[in-house]
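24 is the number of the first residue of the sequence shown in this note's numbering; add one for each residue after it.
Below is one structure, written out as structure tokens; comments come after it.
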Amino acid sequence: MRVAVLASGGGTNLQALLDACRGGAPARVVLAASDRADAGALTRARDAGVETAIVSDPRDGEGLGRMLDGAELVVLAGYLKLVPEPVVQRFAGRMINIHPALLPAFGGKGMYGRRVHEAVLRSGATVSGATVHLVDAEYDRGPIVAQWPVPVLDGDTPDTLAARVLEAEHCLLPAVVLAAARAGRVVRLRPPSAAFVPAGEGDDVARAIERLEP
Ligand code: GRF
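What follows is the structure, encoded as structure tokens:
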């Protein structure tokens with residue numbers, strides 16, 4: 024499955040995807056595009072030999088649609104611009120976004136990066152996590168495809184919580200993309216019933232994600 028990734032930032036989710044799509048994986052990142060020429064995500068793509076592009080006008084649906092045309096699946100991995108409606112329609116059911124909280128909570132316009140984790144901590148929530156959802160015309164509102172919960176621990180700061188959620192993101196996003204590649208379409212996944220994984224047990228998260236079933 025040919026995957027195009029849109030990213031505005033450092034690209035650690037793109038990197039997790041590049042790492043998961045090596046060898047004989049059924050998915051391949053064919054394009055990484057950004058609205059920011061200096062995005063670390065573009066450097067990661069170039070280092071992996073993946074074509075890159077600059078989204079010079081994020082509101083230009085025609086141009087963005089043409090840019091993404093060769094892709095079977097579009098992944099928003101830290102892309103901070105709203106995708107124009109015509110592009111959302113063109114990729115209906117084939118465009119996903121990853122968000123660092125358990126949507127529909129702690130999502131929507133302006134809820135990105137550190138602000139998300141600050142809001143989670145302010146709320147007193149004892150659980151946060153990562154969400155992959157289908158993209159529609161509004162920020163973070165499309166149907167949920169997969170989620171992975173992580174505990175909010177006493178003494179957590181926005182940075183320690185962000186790091187724990189990011190670790191789950193780096194497993195969840197590749198799991199969703201590989202499952203879609205195997206099925207030929209985006210499929211919903213759910214974690215095993217014992218959803219909690221001890222904080223910082225990265226390998227356990229990866230192994231547990233392996234057990235995700237449609
Ligand atoms: C991630 O936390 C993702 O959930 C959000 O933006 C961030 C991107 O981080 N949408 P990176 O650029 O992939 O490191």
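Positions of the beta carbon are idealized from the N, C-alpha and C atoms, including for glycine.
Residue range of the beta strand (DSSP E) that includes residue i
i	result
M266	Residue 266 lies beyond the residue range present for the chain, which begins at 24 and ends at 237; the question has no answer from this structure.
A246	With the chain running from 24 to 237 in the structure shown, residue 246 is simply not present.
L157	V150 to L157
One or two residues paired with residue i in a DSSP bridge
i	result
S57	I77
P172	G152
R51	R25
Pairwise C-alpha distance: residue j and residue i
i	j	result
D80	Y162	18 Å
L91	G178	43 Å
D159	A202	21 Å
D61	V78	12 Å
L96	V26	5 Å
M24	G46	13 Å
A252	L54	Only positions 24 to 237 of the chain appear in the structure, and residue 252 is not among them; the question remains open.
E141	P181	5 Å
E192	E85	30 Å
R211	R59	31 Å
R89	D42	26 Å
Cβ neighbour criterion (16 or more within 10 Å) applied to residue i
i	result
G101	buried
L40	buried
G152	buried
Q38	buried
N-terminal and C-terminal residue of the alpha helix (DSSP H) that residue i is part of
i	result
P181	P181 to A206
L37	T35 to A43
P109	E108 to R113
L96	Element bounds for L96: not the alpha helix (DSSP H) but the beta strand (DSSP E), L96 to L99.
L87	G84 to L91
L144	R137 to S146
A64	G63 to D70
Cβ-heavy atom distance, residue i to the ligand ADP, below 6 Å
i	result
A203	Annotation note on the ligand ADP: not contained in the displayed structure, which lists the ligand GRF as its ligands.
With three or more C-beta pairs closer than 8 Å as the rule, is the segment 65-80 touching the segment 135-143? Output reads no: the segment 65-80 does not touch the segment 135-143.
Answer yes if the segment 46-57 comes into contact with the segment 113-131, meaning at least three C-beta pairs across the two stretches below 8 Å, and no otherwise. Touching, no.
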